[in-house]
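Written out below as structure tokens is the structure these notes cover.
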Amino acid sequence: MQRVFSGIQPSGIPTLGNYLGAIRNWVALQADHDCLYCVVDLHAITTWQDPAVLRQQTREMAATIIACGIDPETHILFHQSGVPAHARLAWIFNCVARIGWLNRMTQFKDKAGKDREAASAGLYVYPNLMAADIHAYHATRVPVGDDQKQHLELANDIAQKFNHDYGVEFFPQIQPLIMPEAARVMSLRDGTKKMSKSDPSDQSRINMSDDSETIAAKVKRARTDAEPLPSEVAGLEGRAEARNLVGIYAALSGRSQTEVLTQFGGQGFASFKNDLADLMVEKLGPIAAETRRLLAEPDHIDRILFAGAARAEAIAGPIVAEAERLVGFLQRP
Ligand code: ATP
Ligand code: MG
């Protein structure tokens, strides 16, 4: 069976974008893959996190992932800091990746903002750690949203250079699994920006924990243009906000955008938004309720994560030890 690895940062409350672009696909992959899903707390501290909040968000992320349908018994769910192999391999990859490669990463430019000199060094080498996350397990399938495509290409470049530099075929190439519909959910306030859990504006996103009133209010206030909805997909061209809402409706309802526009084309946004909010509440409400139930027992969540970390370390430890041997580090006698 192919091994799948994917991660999510506990840098906020998971959003509808994380759900449609990543977690929902993680659930589906469990049927015919060996899956490792990781709450990547090392990645989260590349930007400042309050320690108490980070702990809470790590548990909340794990609870949401389980509530969405990940089975931590059959598959492996863990927190990144629980498996030292990630940081060990990341250091080697820091020495394999070239500065020129990192300079091309658009996420660094987006996240560092205007004052790049003030960004953490960790944020800059983030893609090397992400490559280590995946290669530490020799995983070949990585389900992510469209925004991570560039990082996965870099992870493949790193594998290739490592293999070349040390004259081995050790790290395999990775295949990104980007599900086309809703691979990129956009901000509700700006159709050209992706929805992010770390966006300062709570109005820009639907959180997986939002109650029905909050969802209805956010959808109602979501930015749109003044035209009615088009009857065909081609009519969404140049209308980023309309395209985003139609895309979300299609992804949540399991229908094509064409079908959605056959129903709503020609109508104004008001009634479409009502239906969209109802659909969100129907799909996300049960997940939020289950997440709350799990969060009532934080110790139980910690036990699941540490048990997952022990199983993950058993896979990654020997692979990273072999990488260290190939590099020329001493082996324990
Ligand atoms: P942050 O703002 O802290 O970077 P994020 O919302 O971008 O948070 P990540 O933890 O960086 O979330 O990414 C987790 C997964 O969710 C990745 O697979 C990523 O591709 C996916 N993802 C993130 N945002 C979106 C989005 N708007 N649409 C689709 N997929 C997304
Ligand atoms: Mg992100």
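In the UniProt record's numbering, the protein residues as written are 1 to 333.
Backbone N, C-alpha and C define an ideal beta-carbon position, used for all residues, glycine too.
Computed from a predicted structure; not experimentally measured.
Q. Where are the alpha helix (DSSP H) runs, 4 residues long or more, that stay fully inside the stretch 224 to 258, in chain order?
A. For the stretch 224 to 258, the continuous alpha helix (DSSP H) assignments of 4+ residues that do not extend past its boundaries occur at 240 to 253, in sequence order.
Q. Is the beta carbon of Lys197 within less than 6 Å of some heavy atom of the ligand ATP?
A. The answer is yes for Lys197.
Q | Per DSSP, the bridge partner or partners of Arg175 | A | Note that residue 175 corresponds to Gln in the displayed sequence, not to Arg. Answer is Arg141.
Q) Whole alpha helix (DSSP H) runs in the stretch 4 to 48 with 4 or more residues, listed along the chain? A) Complete alpha helix (DSSP H) runs here, min 4: 24 to 29, 41 to 44.
Q) I think Glu232 touches Leu261, with their Cβ atoms under 8 Å apart; what is that distance to the nearest whole Å? A) 6 Å
Q: Determine the closest residue to Ile319 out of Asn207, Gly235, Pro172, with distance taken between C-alpha atoms.
A: Pro172
Q) Nearest to Asn128 by alpha carbon, out of Ala118, Glu117, Ala97, Gly113? A) Ala97
Q. Quick one: is the Cβ of Lys193 within less than 6 Å of any heavy atom of the ligand ATP?
A. no
(Q) Just to confirm before moving on: does the CB-CB distance between Ala204 and Arg189 stay below 7 Å? (A) Note that residue 204 is Ser in the sequence shown here, rather than Ala. Yes, the Cβ-Cβ distance between Ser204 and Arg189 is below 7 Å.
Q) Among residues of its own chain, excluding the 5 on either side of Met179, which ones have a beta-carbon nearer than 6 Å to its beta-carbon? A) The answer, listed in chain order, is Asn25.
Q. So what's Met61 in DSSP terms, helix, strand or just coil?
A. helix
Q.
Between which residues of its own chain and His151 is the CB-CB distance below 6 Å, once the five residues before and five after are set aside?
A. Pro127, Met130
(Q) Please tell me whether Thr291 and Thr64 are closer than 7 Å, where the distance is taken between their beta carbons. (A) yes
Q: Could you tell me the boundaries of the beta strand (DSSP E) in which His75 lies?
A: From DSSP, His75 is part of no beta strand (DSSP E); its letter is neither H nor E.
Q | Met280 (DSSP reduced to helix, strand or coil) | A | helix
Q) Identify the residues that DSSP records as bridge partners of Lys218: which are they? A) Answer is none; Lys218 lacks a bridge partner.
(Q) Following a CB-centred definition, is Ser256 positioned closer than 6 Å to any heavy atom of the ligand ATP? (A) Of the heavy atoms belonging to the ligand ATP, none sits nearer than 6 Å to the Cβ of Ser256.
Q. From Ala240 to Glu153, what distance separates their C-alpha atoms?
A. 27 Å
Q | Neighbourhood of Ala44 by C-beta distance below 6 Å, restricted to the same chain and skipping five residues each side | A | Gln9, Pro10, Ser11
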